[in-house]
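Asks:
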Amino acid sequence: MIILGINAYHADAAAALLIDGQLVAAAEEERFKRIKHWAGFPSDAIKYCMREAGVSLHDVDHIAINRNPNANLLRKALFAISKRPSLSVIRDRLSNAGKLQGIKDVLSKEFGINSADIKANVYNVEHHRAHMGSSFFVSPFESSAVVSVDGFGDFVSTMWGVGEGLRLEVRGSISFPHSLGLFYLALTQYLGFPRYGDEYKVMGLAPYGKPTEMEKLRKVVFLNAKGKFELDLDYFVHHSTGVSMVWDNGEPSIGKVYSEKLVELLGPARMKDEPITEYHKDIAASLQEMYEEAFFHLLDHVYSQTKNPNLCLSGGCAMNSVANGKIFDRSSFRDVYIQSAAGDGGGAIGAAYWVWNDVLGNTRCFVMDHAYWGPAFTNNDIAQLLREKQDILRSQNCTIKEIIDEDELCNITASRIAEGCVVGWFQGRMEWGPRALGNRSIIGDPRRADMKDILNLKIKRRESFRPFAPSIIREAVGEWFETDYDVPFMLQVYQIREDKRREIPAVTHINGSGRLQTVTKSQNQRYYQLIKAFEKITKVPIVLNTSFNENEPVVCRPQEALDCFLRTKMDVLVLGNWFVERR
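Throughout, the working numbering is defined as the position within the sequence shown, counted from one, plus 3.
#1: Does the ligand HEM have even one heavy atom less than 7 Å from the beta-carbon of Trp359?
#2: Using a Cβ-Cβ cutoff of less than 6 Å, which residues in the same chain neighbour Phe582 once the five nearest sequence positions on both sides are dropped?
#3: Inspect the beta-carbon positions of Ala30 and Trp435 and report whether they are closer than 8 Å.
#4: Could you give the distance in angstroms between the alpha-carbon of Val149 and the alpha-carbon of Leu569?
#5: Would you list, in sequence order, the uninterrupted beta strand (DSSP E) runs of no fewer than 3 residues that lie entirely inside the region 184 to 271?
#6: Using only the alpha-carbon positions, how far apart do Gln528 and Leu316 sit?
#7: Leaving aside the five residues before and after Arg273 along the sequence, list all residues of the same chain whose C-beta is less than 6 Å from its C-beta, in chain order.
#8: How about Cys559 and Pro378: do their beta carbons lie closer than 8 Å?
#9: Any idea what DSSP makes of Cys401, helix, strand or coil?
#10: Any chance you could list the alpha helix (DSSP H) runs of at least 4 consecutive residues sitting entirely within the region 4 to 46, in chain order?
#11: For Phe484, tell me which candidate among Leu396, Leu519, Arg34 has the shortest Cα-Cα distance.
#12: What residues in its chain sit with their C-beta under 6 Å from that of Asn127, if we drop five residues either side in the sequence?
#13: Kindly provide the ranges of any alpha helix (DSSP H) runs that are 4 or more residues long and lie completely inside the region 308 to 354, ordered along the chain.
#14: Spell out a yes or no on whether the region 137 to 144 and the region 41 to 54 are touching, meaning 3 or more CB-CB pairs, one atom from each, closer than 8 Å.
#15: Going by the DSSP bridge assignment, what does Arg585 pair with across the sheet?
#16: By Cβ distance, which residues of its chain are closer than 6 Å to Thr549, with the 5 residues on each side in sequence left out?
#17: State yes or no: is the C-beta of His242 within less than 8 Å of the C-beta of Pro180?
#18: Have a look at the DSSP bridge pairing and note the partners of His65.
#19: Apart from the five residues on each side of it in sequence, which residues of its chain come closer than 6 Å, Cβ to Cβ, to Arg432?
#20: Buried or exposed: which applies to Asn382, given that a residue is buried once 16 or more other Cβ atoms fall within 10 Å of its Cβ?
#21: Looking at Ile457: is its Cβ nearer than 8 Å to the Cβ of Met573?
#22: Keeping to the same chain, check which residues put their C-beta closer than 6 Å to that of Ala19; ignore five residues upstream and five downstream.
#23: Assuming Gly154 contacts Ser160 (C-beta within less than 8 Å), just tell me the rounded distance between them.
#24: On a CA-only basis, which of Gly184, Phe144, Leu494 is nearest Val370? Give me that one, please.
#25: Closest by CA to Ser335, which one among Asp361, Leu302, Gly328, Thr366?
#26: Lys304 to Met162, Cα distance in whole Å?
#27: Taking the alpha-carbon of Glu584 as reference, which of Gly481, Asn400, Val522 has the nearest alpha-carbon?
#28: Relative to the C-alpha of Ile540, which candidate in Glu422, Leu565, Gln562 has its C-alpha closest?
#29: Could you check what DSSP says for Trp435 in three-state terms: helix, strand or coil?
#30: What separation, rounded to the nearest whole angstrom, lies between the Cα atoms of Ser307 and Leu60?
#31: Using beta-carbon positions only, say whether Thr416 and Val575 come within less than 8 Å of one another.
#32: What is the rounded straight-line gap between the Cα of Asp394 and the Cα of Val426?
#33: Only counting the same chain, and skipping five residues up and downstream in sequence, which positions put a Cβ closer than 8 Å to that of Ser182?
#34: Just to confirm before moving on: does the CB-CB distance between Gly212 and Glu281 stay below 8 Å?
#35: Give the DSSP-derived three-state secondary structure of Met162 in the structure shown.
#36: For a test of the three-state rule: what should DSSP assign to Glu555, helix, strand or coil?
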């Protein structure tokens, strides 16, 4: 049985393919289109999944979409009657919803076949149910509390319940217009970060400030009984005049969601090119603190309702790795699972598994314990590319050699990292989700206090306050961090042990924390071996890991990795078994 899961006509468009309940392939459209968070129909991602599985659209039995325009119709109607949103807003929403009804027609056009020849049944899975499915149905838990928190989807911002075996039971939800995701977005925009997905920048800025503005933000977000929260809507415009949203074949964008009353409360908004002041840092810290108050208020209720020590977390807000790292300290949950694409892209997997498990009643037979579900390329592919580019490589004084022996490849790469080189590391299948986890990564020496500045000068050209992540071999976690927990997807931040922080300053944030990625041999043998080789040289079982990109989506193909290497000041590029070095 073949199931195609799709996140379409929304940010982070993506596709995933299951065969007999096993995930075979998954990728976001942005990696192929080369536009961050690309929104529209994920045609290239679908084509990749088909190629990887060796099947055609004719073979697909079921198509699952992580949106259901027919969900919560009564709530939508009551809102339209009471709030009377503008006609343009209504027209935009109806147009977007209408596209979901003609998926077979779109597929027939993209694949050049007659829509009547597509035998698949089409299922529209409510947005947050798909989110919940994307975590629980691929988790290692037989039963779990399940929570989804994001901006909005199908008129809901938050949903929770319990997963048992093949079924997910919804126990509660919070509807439009109240949303923690939108609250975080509003303050992100206010702080001068207007692009879609910029919330992670504010999360990185927060440790530089103090939560001095909590009294003000508690006027914006109220905590209610039974884990619920609500916004003081006077500080927002999304429920009244509406907000422009662009989701059609390009970079997504959302218009300003906060009102002038927020400016009256907090003072003038920062323009994106203005300096970041101490006050801005304090607002960022207060925003993170207010989010956490509401988040853990919700989790406390979910635990009291379910009494289940396991938690599956999803939705865009599940990318808040700082809050995620506090779950064990600030809630009663004792185990947590967050899959690598927790946001909207992950809904492609969630919708597919919702159909496989909940709709069709099939046995759960898959656990996502790694994130490597994207395209891979052979050493012959890479060799051909390097031959084509040999003139420009020579002009930049590059040497090229193939190193077949894996030990030798890892040892020489580790030695370059230990010497202070910046290394582009391109291996195996591309990661699923926004994090580079050792196959599309730029690697550096975590011991160098200046490595952060070196990376920003040579390649990343990003805000100086944003941290870089430590990748550590799993068995060494307890020695270096104030936790000893599996974090394979880099979605939890934990404190680095105080006596170790001076040894790894390049990956230690200002508050002593690190966005942890644990690496095991079974998950990623070559990356594990690289870190072990670095440990043998330095006695440090950690490397600095950041995404292989330069203000663009993470690289997908060898061509993009080589292009990034050539236009930056990267020292070494390792493409499969090929070792390219500037001299």
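Built from N, CA and C at the ideal position, the CB exists for glycine as well.
Replies: A quick look at the data gives this:
#1: Of the ligands one can find in the structure shown there are none, so the ligand HEM has no counterpart to examine.
#2: Lys404, Ile406
#3: yes
#4: 45 Å
#5: 224 to 226, 232 to 234
#6: 27 Å
#7: Leu194, Gly195, His283
#8: yes
#9: strand
#10: 33 to 36
#11: Leu519
#12: Ile68, Asn71
#13: 324 to 327, 330 to 333
#14: no
#15: Cys401
#16: Ile445, Phe471
#17: yes
#18: Ile6, Asn124
#19: Tyr375, Gly377, Ala379
#20: exposed
#21: no
#22: Gly8, Ala29, Ala351, Ile352, Ala355
#23: 7 Å
#24: Phe144
#25: Leu302
#26: Per the sequence shown, the amino acid found at residue 304 is His instead of Lys. Roughly 12 Å between the two C-alpha positions.
#27: Asn400
#28: Glu422
#29: coil
#30: 45 Å
#31: yes
#32: 21 Å
#33: Asp153, Gly154, Phe155, Ser160, Thr161, Leu234
#34: yes
#35: strand
#36: coil
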